[in-house]
Amino acid sequence: MLENPTESTSTRRKSMDPVSQVIHLEDLPTPGSRFELQELLGVGTCAKVYAALDKQKGTKVAVKVIDNIAENILEIESEYGVLSSIGGQSLIPEFHGTYLHSPKNAKRQLWFIMEFCEGVPVSDLLAWLRKQEKTLSEEEIAALLKLCMMAIHHLHQNDIIHRDIRASNFLLSPEGDLKLIDFGK
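By full-length UniProt numbering, the letter at position 26 of the sequence shown is numbered 26, and the numbering carries on one by one without gaps.
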């Protein structure tokens, strides 16, 4: 099939966008220079998460950068639905919005901007304790499990199933607060 020589590259790119009933990609704002990506916090199956500075508000945020939008549209819609409906409620990070970033010479990226959660994944805490040849006490395990179950219960009350419950998706703050993350699966 021959390409239409009068059709611009950007027109062809827009026509190849996945059809989403949830997120209208062409209507999304661009992040521009508002967010300054800093250290890489984690890498998942379809995204990378960075700490970033929101220069407009002067606050630290988390930015989930998704490169392959078309290949991951179902996960994107799922996570967007959860974050936009219950983000910021008990045990769930606050959601600040979605942006479409078009880097030079690269595919477009979808950016989810969320609350930056201080702390570590529970899996990292457990690995560190193992290296130190230490364990959590029964009381600490009970308190941690109670918070995990409260987060899962909160989702279920909102008719949401997480589908990827594991220690690495629970962040524990230095103050003992817990946040459940990663709603894309």
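Beta carbons are placed, not taken as given, at the ideal position from N, Cα and C, and that holds for glycine. Computed from a prediction, not measured in an experiment: that's the story for all the values here.
message = Taking the straight line between their C-alpha atoms, what separation do you get for A142 and N158?
response = 24 Å
inquiry  = Please report the straight-line C-alpha distance between R166 and L53, rounded to a whole angstrom.
reply    = 28 Å
request  = State buried or exposed for K107, treating a residue as buried only when at least 16 other CB atoms are found within 10 Å of its CB.
outcome  = exposed
message = With three or more C-beta pairs closer than 8 Å as the rule, is the region 64-80 touching the region 123-132?
response = no
task = Given a cut-off of 8 Å, decide if F183 and residue 196 are closer than it, judged by their beta-carbon atoms.
result = Nothing in the structure corresponds to residue 196, since the chain is present only between 1 and 185.
In chain order, each alpha helix (DSSP H) run of at least 4 residues that lies wholly inside the UniProt domain "Protein kinase" (35-185) = 73-86, 122-131 and 138-157
query = Count the other CB atoms within 10 Å of the CB of K14; is the residue buried (16 or more) or exposed (fewer)?
reply = With a pLDDT of 47 at K14, under the threshold of 50, the modelled position of this residue cannot be trusted; read the value that follows with caution. Looking at its Cβ environment, which holds fewer than 16 other Cβ atoms inside 10 Å, K14 is exposed.
task = Indicate the three-state DSSP secondary structure (helix, strand or coil) for L28 in the structure shown.
result = coil
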